[in-house]
Amino acid sequence: MQTPDEWPADEQGGEQPSAADVAGTEAFNAVEMSDGTTIVEQVDVEQAEDGSVVTTETEAIREPDGSIIIDETVTTEQPDGSVVRDEVHTVADEQGVHIDETQILEDPHGRTEVIEHSEDLDVEVVVDPETGEIVEAVEA
Numbered sequence: 356m357q358t359p360d361e362w363p364a365d366e367q368g369g370e371q372p373s374a375a376d377v378a379g380t381e382a383f384n385a386v387e388m389s390d391g392t393t394i395v396e397q398v399d400v401e402q403a404e405d406g407s408v409v410t411t412e413t414e415a416i417r418e419p420d421g422s423i424i425i426d427e428t429v430t431t432e433q434p435d436g437s438v439v440r441d442e443v444h445t446v447a448d449e450q451g452v453h454i455d456e457t458q459i460l461e462d463p464h465g466r467t468e469v470i471e472h473s474e475d476l477d478v479e480v481v482v483d484p485e486t487g488e489i490v491e492a493v494e495a
């Protein structure tokens, strides 16, 4: 993935920089494979006014048969040490749209709670081929 800024490892400990250190960073990559598959990846890191750091990672894959797979993870790191991670896996094909959503809540003491939800939608999706974003969903 190409980034406008380098994300070097910490020379002493060999660790990646914290999310706060890379706030405001964006990364984007789009590749078309020889079989016609298109893969779009995007990462955004932003610092909110309340001091939390929000990292959004998106991968969209468009298969030659027209099916689309979108994986998106939004991680919010709060100043108190708590973390909320929303993971959404979407598959759109000739049968409609299937969505799996998982929310992982971690408090400052490391206790976690996991909430899962799945849903099938009878819709047709229109995706921007350059960004991988859903631009329209029409009931079938």
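Residue numbers (the working numbering): 356 to 495. Backbone N, C-alpha and C define an ideal beta-carbon position, used for all residues, glycine too.
Query, Result
"Between the Cα of N384 and the Cα atoms of Q397, T467, V439, which residue gives the shortest distance?", "Q397"
"May I ask which residues mark the beginning and end of the beta strand (DSSP E) holding G451?", "451–461"
"Run through DSSP, which three-state label would E404 get?", "coil"
"On the DSSP bridge list, what partners appear for T393?", "E387, R417"
"Following the continuous beta strand (DSSP E) through D426, name the residue where it begins and the one where it ends.", "423–432"
"Apart from the five residues on each side of it in sequence, which residues of its chain come closer than 6 Å, Cβ to Cβ, to V439?", "T431, L460"
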